[in-house]
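Participant:
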Amino acid sequence: MGVEWKTTVASGDATWPLAASLEELAQLAHTAGIAVVGELTQRLDHPEPSTFIGSGKVKELVLQVAEAAADVVIFDDELSPRHQRELEKALGDDVKLLDRTALILDIFAQHAHTREGNLQVELAQYQYRLPRLTRAWTHLARQAGGRAGGTTGGVGVRGPGETQLETDRRVIGQRIVQLKKELEKVRAHRGLHRARRKREGIPVISIVGYTNAGKSTLLNCLSDADVLVEDKLFATLDPTTRRVVLPNGRPVLFTDTVGFIQKLPTHLVAAFRATLEETTESDLLLHVLDATHPQALRQARAVLETLEDIGAAGKPMVTALNKVDRLADPQAACDASAELPHCIPISALTGYGMENLLRAVEKKLESDLVRVDLVIPFARGDLVQLIHQQGQVENEEYSAKGARIRALVPRSLASILDAL
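Numbering-wise (numbering that gives the first Met the number 0), the sequence shown opens with residue 0 and increments by one.
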């Protein structure tokens, strides 16, 4: 357990209040096992080139860290390599310096439990650390076989005249290349699974939302799954998919993926490409929003911005306003969220609103149905079954050539039928 001194520079961005951003940073620290003992802020038009904060504020920070006996300082923005070097000199060897990105990466490393999750986190950590290597990073090349969190996963051999720092950089660069190759295999494997699901015509619904909005609780409620639920940011990291039957009898797949957050590190977005593709390839997005959070709409906008960044903007969406069991008037939450698409008040904890939510999902999927009129050979009875399972049959007649069916079917199934 460490203690930290939070510090931030106000960017002047009115979309996210300074106090709210610092409160979220404290939650991140708590999730990482760090206790907060104080905070320090400064308003600047732009970061100082060398130390991010002003020289006088650096002295104030050093003094207050000493008085609080803090051993960790966390900045609420990403520090450049130069900022980090100069601040580490000022704080001394006994104080660990982290920025928001490093803190989130550490949390991800703690919560990744699958091979894919470990690979993605390790890649993100090395991409973040590589430009920040200094002579203090000695003997990295001698460590081998470790996971994300400090080792290189391979043994480096120093060449003639090569410094330890150069060796570390070379070995980490090699490990990054290796990790990218392994994740490409994961991506290809996911692609095969998606292709199989499309052949089966089962719609895929990605559960997205701000971290700690209740996505895992919702998946558990919908499917009787056993996904870890904790009141912490990024409590679950590895994606989980469960089969759910809608009220009209249509089976669908709900996939819960990593939560989003404001200032989501670009290293994570790049490293989690394979996982995030599940969102971009889904048929519908179910956006879960904590209706009780004072920054709910700002959180929603952060999610929508991230979806745009990963290429998932414009997809059909239903919004689940979660945790309304804590509100006196759930409908008021809907009125306040009028700018969001298709809002349904729910409580994933108590089950309130689940029927309405599933019917909203059902209706949204039906709006994406297309009309088909075709003859299916008797040998392809599997397709006839899929049409009945996934679509709405309007007329069905039989002849010597096969079954002539007029129906409304999902676009994913229509693309399969077009190949006949």
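Glycine included, every Cβ here is placed at the ideal spot set by N, Cα and C. Every value quoted in this text rests on a predicted model; they were computed, and no experiment measured them.
Tell me, please, whether the stretch 286 to 295 touches the stretch 180 to 195 by the rule of three or more beta-carbon pairs shorter than 8 Å.
Facilitator: As far as the Cβ criterion goes, the stretch 286 to 295 does not touch the stretch 180 to 195, which means the pair count is below three.
Participant: Assign Val120 to buried or exposed, taking buried as 16 or more other Cβ atoms, counted over all protein chains shown, within 10 Å of its Cβ.
Facilitator: When all chains shown are included, Val120 counts as buried.
Participant: Check this for me: beta carbons of Gln41 and Gly53, under 8 Å apart or not?
Facilitator: Cβ distance < 8 Å, so Gln41 and Gly53 count as in contact.
Participant: Since Thr30 is in the alpha helix (DSSP H), which residue starts that stretch and which ends it?
Facilitator: Element bounds for Thr30: 17 to 30.
Participant: Checking 8 Å against the spacing of the C-beta atoms, do Ser336 and Thr318 come in under that value?
Facilitator: Yes, these two residues count as a Cβ contact at 8 Å.
Participant: Take every Cβ of the stretch 244 to 264, pair it with every Cβ of the stretch 100 to 110, and state whether three or more of those distances are shorter than 8 Å.
Facilitator: Contact between the stretch 244 to 264 and the stretch 100 to 110 is present, because at least three Cβ pairs lie under 8 Å.
Participant: I need the straight-line Cα distance from Cys333 to Leu288, nearest angstrom please.
Facilitator: Computed Cα separation, rounded: 11 Å.
Participant: Can you tell me whether Phe271 is helix, strand or coil according to DSSP?
Facilitator: DSSP places Phe271 in coil when its eight states are reduced to three.
Participant: Alpha carbon to alpha carbon, how far is Leu60 from Glu66? Give it in angstroms, no decimals.
Facilitator: If I take the Cα positions, the gap works out to 10 Å.
Participant: For the candidate residues Asp308, Leu221, Arg300, Arg325, whose alpha-carbon lies nearest to that of Leu339?
Facilitator: Here the closest residue by C-alpha is Arg300.
Participant: Spell out the partners DSSP gives Glu395 in its beta bridges.
Facilitator: Answer is Ile404.
Participant: Taking Ala319 as part of the alpha helix (DSSP H), name the residues at either end of that continuous run.
Facilitator: From DSSP, Ala319 is part of no alpha helix (DSSP H) but of the beta strand (DSSP E) over 316 to 321.
Participant: Does the distance from the CB of Val203 to the CB of Asp255 come in under 8 Å?
Facilitator: Contact flag unset, no.
Participant: Just list the residues that DSSP pairs Arg174 with in beta bridges.
Facilitator: Beta-bridge pairing links Arg174 to no other residue.
Participant: If we ignore side chains and look at the alpha-carbon of each, how far apart do Arg358 and Val244 end up?
Facilitator: Taking the straight line from one Cα to the other gives about 11 Å.
Participant: What residues are listed by DSSP as bridge partners for Gly208?
Facilitator: For Gly208, which the question treats as bridged, DSSP gives the partners Val287.
Participant: May I ask you to list the residues that DSSP assigns as paired with Thr254?
Facilitator: For Thr254, which the question treats as bridged, DSSP gives the partners Ser205, Thr240.
Participant: Considering only heavy atoms of the ligand NAP, does any lie closer than 7 Å to the CB of Asp324?
Facilitator: Annotation note on the ligand NAP: not contained in the displayed structure, which lists no ligands.
Participant: Using the beta-carbon count (16 or more within 10 Å), is Ala140 buried or exposed?
Facilitator: Only weak support is given to the placement of Ala140: the predicted model assigns it a pLDDT of 40, under 50, and the value that follows is read from those uncertain coordinates. Ala140 comes out buried.
Participant: For Asp381, which three-state DSSP category applies?
Facilitator: Looking at Asp381 - three-state DSSP - the assignment turns out to be helix.
Participant: How about the stretch 268 to 276 and the stretch 377 to 390: do they share at least three Cβ pairs that are nearer than 8 Å?
Facilitator: Result no; under three Cβ-Cβ pairs closer than 8 Å.
Participant: Can you say whether Asp417 is buried or exposed, counting buried as having 16 or more other CB atoms within 10 angstroms of its CB?
Facilitator: The residue in question, Asp417, is exposed, as its Cβ has fewer than 16 Cβ neighbours within 10 Å.
Participant: By Cβ distance below 8 Å, which residues in the same chain neighbour Gln330 in space, the five residues on each side in sequence not counted?
Facilitator: Counting only Cβ-Cβ distances below 8 Å, and skipping sequence neighbours, we find Pro344.
Participant: By a C-beta neighbour count over all protein chains shown, 10 Å radius and 16 as the cutoff for buried, is Glu396 buried or exposed?
Facilitator: Exposed, because fewer than 16 other Cβ atoms sit within 10 Å of the Cβ of Glu396.
Participant: Under 8 Å by Cβ, that's how I've got Glu280 and Arg193 pegged, so tell me the actual separation to the nearest angstrom.
Facilitator: Right, the Cβ-Cβ distance comes to about 5 Å (below 8 Å), so this counts as a contact.
Participant: When we look at the beta-carbon of Thr113 and count the other beta-carbons within 10 Å, is it buried (16 or more) or exposed?
Facilitator: With fewer than 16 Cβ atoms within 10 Å of its Cβ, Thr113 is classed as exposed.
Participant: Can you tell me where the alpha helix (DSSP H) with Phe259 in it begins and where it stops?
Facilitator: Taken as a continuous stretch (DSSP letters only), Phe259 belongs to no alpha helix (DSSP H), as it is neither H nor E.
Participant: Does any C-beta atom of chain B lie closer than 8 Å to the C-beta of His82?
Facilitator: Here there is only one protein chain, and chain B is not present.
Participant: If I measure Cβ to Cβ from Ile260 and keep anything under 6 Å in the same chain, skipping five residues before and after, which residues do I get?
Facilitator: The residues are Thr210.
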